[in-house]
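Peer 1: My structure is below; once you've seen it, I'll send some questions.
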Amino acid sequence: MNIIVISEKTGVSKNFRVSKLAIFLMMLIVAGGIAAATLWSSNGFSNAALLKSAEYGITSLRHEVTQQRQLMTNNKDKAEQHLRALTMRMSEIQARLMRLDTLGERLVEVAGLPANEFEFASKDVGLGGPSENSDMGEAFQKPDFIQQLDDMLYELELREEKIAVLEKLIRGDKFTNEAFIAGSPVERGWKSSNYGRRTDPFTGRLAWHKGVDFAGKQGSNVLAVAGGVVTWSGYKKGYGNLVEINHGGGYSTRYGHNAENIVAVGEVVGKGDVVAKMGSTGRSTGPHVHFEVLLNGKQVNPTQYIRRVDVARKN
Numbered sequence: 001m002n003i004i005v006i007s008e009k010t011g012v013s014k015n016f017r018v019s020k021l022a023i024f025l026m027m028l029i030v031a032g033g034i035a036a037a038t039l040w041s042s043n044g045f046s047n048a049a050l051l052k053s054a055e056y057g058i059t060s061l062r063h064e065v066t067q068q069r070q071l072m073t074n075n076k077d078k079a080e081q082h083l084r085a086l087t088m089r090m091s092e093i094q095a096r097l098m099r100l101d102t103l104g105e106r107l108v109e110v111a112g113l114p115a116n117e118f119e120f121a122s123k124d125v126g127l128g129g130p131s132e133n134s135d136m137g138e139a140f141q142k143p144d145f146i147q148q149l150d151d152m153l154y155e156l157e158l159r160e161e162k163i164a165v166l167e168k169l170i171r172g173d174k175f176t177n178e179a180f181i182a183g184s185p186v187e188r189g190w191k192s193s194n195y196g197r198r199t200d201p202f203t204g205r206l207a208w209h210k211g212v213d214f215a216g217k218q219g220s221n222v223l224a225v226a227g228g229v230v231t232w233s234g235y236k237k238g239y240g241n242l243v244e245i246n247h248g249g250g251y252s253t254r255y256g257h258n259a260e261n262i263v264a265v266g267e268v269v270g271k272g273d274v275v276a277k278m279g280s281t282g283r284s285t286g287p288h289v290h291f292e293v294l295l296n297g298k299q300v301n302p303t304q305y306i307r308r309v310d311v312a313r314k315n
């Protein structure tokens, strides 16, 4: 193949003869260059795409780890809150169990029942029996607070059983005389005002007196006229320092104007127990106890119950 080259400056032409082999080699070199350029460009694009994909994966993974960490933190906080609430609840149950023990022991005493038949103090209970799975390896141990809850539930079940039996006995003959309202609420004193219509000592007008007044010495004993549970012990308008006792069967009694209340709400008292000291608190003109008997929440004439004393003693 001939190649003619013409100079731009002189216009003289030159004739070169090129063999087919040289042309083939030149074409091969050009094709190789193009292929190399294409391959380099392709590799660069692939590396960039791979890098971008890796960066996206790392970002997604980091985001997922952050979410999981936040979720675990929230769950941990909630678990701690539940545990604190559970601990407080366990303390409340334990306190109520102790109060229930005290109440049960006092109730047994008032009812005159054998103390060894109704032991309310918590004690370890014997457990045992043959093992049917002795080859199962180490025994499963519950978490401490779960075991404590199980123990408390067991103690509550025991209290429920004992109280159920006590309830039957209290409703029976063994407690009938104790809850029988009878007698005077004072050891020493005299009746100073009857139940019913009277002249009000403050206004001078006729008014209805809902109880019976017993006058006496300041600080002398005020007595429960029947066994029961104290439902009020505190100051009440008009009554001053007041003690109210529920005797069951819809009956309750009130002892007002006390200088000092001796008993607390929830306490079990027996017939003749000192519940207060005579005083003149509230709407009062001098030391005395205002005594009321209520049936289903309404005041009734206490006189008939005061006169019951001889009948109660005979029983």
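First residue of the sequence shown? That's 1 in the numbering used here, and the numbers climb one at a time after it. Yeah, the Cβ is synthetic: ideal placement off N, Cα and C, and Gly gets one too. Quick caveat, the model's predicted, so the values are computed rather than measured.
1) Indicate whether the contact test is met: 3 or more Cβ pairs, each with one atom in the segment 252 to 268 and one in the segment 285 to 297, closer than 8 Å.
2) Are the CB atoms of residue 239 and residue 320 within a distance shorter than 9 Å?
3) Using only the alpha-carbon positions, how far apart do residue 97 and residue 277 sit?
4) Whose CA, out of 84, 285, 78, lies closest to the CA of residue 203?
5) Check the DSSP bridge columns for residue 245 and list the partner residues they point to.
6) Can you give the beta carbon distance from residue 211 to residue 304, rounded, assuming they're within the 8 Å contact cut?
7) Could you tell me if residue 244 is buried or exposed, where buried requires 16 or more neighbouring beta carbons within 10 angstroms of its beta carbon?
8) Does DSSP put residue 239 in a helix, in a strand, or in coil?
9) Between the segment 156 to 164 and the segment 189 to 209, do at least 3 Cβ pairs fall closer than 8 Å?
10) Starting from residue 199, trace the beta strand (DSSP E) in both directions and tell me its first and last residue.
11) Using DSSP's beta-bridge definition, name the partner residues of residue 189.
12) Could you say which of 248, 281, 91 lies nearest to residue 237 if we only look at CA atoms?
13) State the DSSP-derived secondary structure class of residue 77, mapped to helix, strand or coil.
Peer 2: To lay it out plainly:
1) Contact between the segment 252 to 268 and the segment 285 to 297 is established, with three or more Cβ pairs separated by less than 8 Å.
2) Because the chain in this structure spans residues 1 to 315, residue 320 falls outside the shown range and cannot be described.
3) Position 97 of the sequence shown, counted from the first residue, corresponds to residue 97. Position 277 of the sequence shown, counted from the first residue, corresponds to residue 277. So the alpha carbons of these two residues sit roughly 31 Å apart.
4) Translated into positions along the sequence shown, residue 203 becomes position 203. Checking every option, the nearest Cα to that of residue 203 belongs to 285.
5) The sequence position of residue 245 within the sequence shown is 245, counting from 1. Per DSSP, 230, 253.
6) Counting from one through the sequence shown, the residue named residue 211 turns up at place 211. Counting from one through the sequence shown, the residue named residue 304 turns up at place 304. Between residue 304 and residue 211 the Cβ distance is about 13 Å, and since that is not below 8 Å, they are no contact.
7) As a working note, residue 244 is residue 244 in the sequence shown. Residue 244 is classed as buried because its beta carbon has at least 16 other beta carbons within 10 Å across all chains shown.
8) The sequence position of residue 239 within the sequence shown is 239, counting from 1. Correct three-state label for residue 239: coil.
9) Here the segment 156 to 164 does not lie against the segment 189 to 209, with fewer than 3 beta-carbon pairs under 8 Å apart.
10) Start at 1 with the first residue of the sequence shown, and residue 199 comes out as number 199. Unbroken beta strand (DSSP E) run through residue 199: 196 to 199.
11) Within the sequence shown, residue 189 is the residue found at index 189, counting from 1. In DSSP, residue 189 forms no bridge with anything.
12) Stepping through the sequence shown from its first residue, residue 237 is reached at position 237. Minimum Cα distance to residue 237 is reached at 281.
13) The sequence position of residue 77 within the sequence shown is 77, counting from 1. Here residue 77 carries a helix assignment [DSSP, helix/strand/coil].
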